[in-house]
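Quick mapping for you: the protein sequence lines, in order, are chains P and X. With our numbering, letter number 81 in the first sequence gets 81, and the count goes up by one each step, no holes. With our numbering, letter number 99 in the second sequence gets 298, and the count goes up by one each step, no holes. Just below is one structure, and these are the notes that go with it.
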Amino acid sequence: MADPERDARVAERYRALGREQPAPELDAAILAASRRRPRRWAVPVSIAAVVVLAVGVTLRVQMEERKDAEDVALSPRVMQTPAPADEVARQSRRDSAPAPAPASPPAALESRAQAAPEAAAPPAEVSADRAEPAGRASAGVAVGKLSAPPQTPEQWLERIAKLRDAGKAREADESLAEFKRRYPDYRISEALRARIAPR
Amino acid sequence: MLAYRQGDAGAFETLYARHKGPLYRFVLRSVRERGLAEELYQEIWMRVIEARGRYAVQARFTTWLYTIAHNRLADHWRRRGLTLVELQDHDAAAPPADEPESRAQGRQSLQRFAAALAALPEAQREAFLLHEESGLSVADIAAATGVGEQAAKSRVRYALAKLREAMADG
């Protein structure tokens, strides 16, 4: 069927204007571009990089905060029952003198613990079920690291059990002795006792 | 285009070979400046290449291609404030002194036609060129240029009438 919007004479005259074609170099450039693979990976990789960076920074900050909390919770002074004001003053004087203090916490943390004892973890002498760790949600992480100081009696015992499992009998014995000194009244369950006892 | 989207480079070459002449002339006759036409022509194909992943069969490839071309030219006209440019020298070249009279008349007639085409309002010229070069139907022209079918038909008809008039003058 003839196109009602087409005029053969006009079309012929129009074609007489010429049948220009793009230059061969232009064809080559376009065809070369068409063969290049689309960079589909660019956007996903950028997003992944941002996510990894954000997660990394967040984890780092959380680990730093957790480490601070653990150091504060396990500093010798914080492990003790809160002392009256004159006792604190005496303690402060003792701190100013050089003293053999094995595994003493960093000075900054020490002063933080002294300045704000109410913000630190509860004393170790309280019963095990009252002793809320500074970050119970992170207990699994802390237990997993044998070198990290334990946060609660349960974690401490668990760490001793892991030392036993790892064949580190001497470290386990020392740690158990220290535990008994620190928690003389703590009742160890039968199941746990079997795991931590010298073999 | 679907085959090209799946990674078949040869499919693009086939498409390109089929459409390159008509699209090039469409752009060239629209802007009437070879360098600019080449630049726009290349950009249109680049848009096609970049859009390969998003291509979906909603219309004929030809309609889709000329929709991209229309949009690119619309950007161009917007930047130029819709001003028409003068005919290029090669379109209005003076006839050689020793050219026979009949050939000279034919040349002049063709120049009048080219001038009439150039003088068409942009929308009418575009509709006419789409009709002649791409072979799009009025409905497809309407789709490619984003107007109603009746408006597209009117544009083609007005363009044809003015071009016929220019031919009659000769």
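Just so it is clear, CB atoms sit at the ideal spot from N, CA and C, and this is done for glycine as well. Predicted, not measured: the structure shown is a model, and the values here were computed from it.
For X:Thr262 against X:Asp339, the beta-carbon gap comes to about 5 Å, under 8 Å, which counts as contact. In this structure X:Ala365 touches X:Ala315 by the C-beta definition: roughly 3 Å separates them, less than 8 Å. Per the coordinates, the alpha-carbon of P:Ala48 lies some 20 Å from the alpha-carbon of P:Val61. Less than 8 Å divides the Cβ of X:Ala326 from the Cβ of X:Arg354. At a cut-off of 8 Å between beta-carbon atoms, P:Ser46 makes no contact with chain X. DSSP places X:Tyr240 inside the alpha helix (DSSP H), whose first and last residues are Arg233 to Glu249. Contacts with chain X (Cβ-Cβ distance below 9 Å) from the segment 17 to 34 of chain P involve Leu17, Gly18, Arg19, Glu20, Gln21, Pro22, Ala23, Leu26, Asp27, Ala29, Ile30, Leu31, Ala33 and Ser34, listed in chain order.
Here X:Lys219 has no same chain residue with a Cβ atom under 7 Å from its own Cβ, once five neighbours each way along the sequence are excluded. A Cβ-Cβ distance of about 6 Å is found for the pair X:Gly347 and X:Ala341, placing them in contact under the 8 Å criterion. Counting C-beta pairs with one atom in each stretch, the segment 219 to 236 of chain X and the segment 11 to 24 of chain P have three or more that are closer than 8 Å, which means they touch. Under the Cβ distance rule, P:Asp7 counts among the residues neighbouring chain X, one pair being separated by less than 8 Å. For P:Lys162, the enclosing alpha helix (DSSP H) begins and ends at Pro153 to Asp165. A straight line joining the alpha-carbon of X:Arg302 with that of X:Ser308 spans about 10 Å. With contacts defined as CB atoms closer than 8 Å, X:Leu329 and X:Phe225 qualify as a contacting pair. Residues of chain X with a Cβ closer than 7 Å to the Cβ of P:Ala11 are, in chain order, Glu331. With a threshold of 8 Å between beta carbons, X:Val346 makes no contact with chain P. Here the alpha carbons of X:Leu235 and X:Arg278 stand approximately 13 Å from one another. Cα atoms of P:Leu31 and P:Gly56: separation of roughly 43 Å, rounded to the nearest angstrom.
If you look at X:Leu201, you'll find it in the alpha helix (DSSP H) that goes Leu201 to Arg204. When 7 Å is used as the limit between beta carbons, X:Trp263 is near no residue of chain P, the shortest such separation being about 16 Å.
When the beta-carbon positions are compared, X:Leu272 and X:Val247 stay at least 8 Å from each other. In this structure, P:Asp173 lies away from P:Pro153, with their beta-carbon atoms at least 8 Å apart. In the displayed model, P:Arg36 falls within coil according to three-state DSSP, outside both helix and strand. For X:Glu212, the closest Cβ of chain P is nearer than 8 Å. With at least 16 other beta carbons inside 10 angstroms of its own, X:Thr344 counts as buried. Nearest C-alpha to X:Ala258 among X:Arg363, X:Leu201 and X:Glu332: X:Leu201. Between X:Tyr215 and chain P, the shortest Cβ-Cβ separation is below 8 Å. The straight-line gap separating the alpha-carbon atoms of P:Asp7 and X:Tyr223 is approximately 22 Å.
P:Ala191 and P:Lys67 have their C-alpha atoms spaced approximately 30 Å apart.
Rounded to whole angstroms, the separation of the alpha carbons of X:Arg204 and X:Arg228 is 30 Å. With fewer than 16 other Cβ atoms inside 10 Å of its own Cβ, P:Lys180 counts as exposed. Annotation: P:Ser34 to X:Tyr215 spans about 10 Å, alpha carbon to alpha carbon. With 16 or more other CB atoms across the displayed protein chains lying within 10 angstroms of its CB, X:Val230 is buried.
In the three-state reduction of the DSSP assignment, P:Pro198 falls in the coil class, being assigned neither a helical nor a strand state. Within chain P, no residue has its beta carbon less than 7 Å from that of X:Ile267; the closest one is some 14 Å off.
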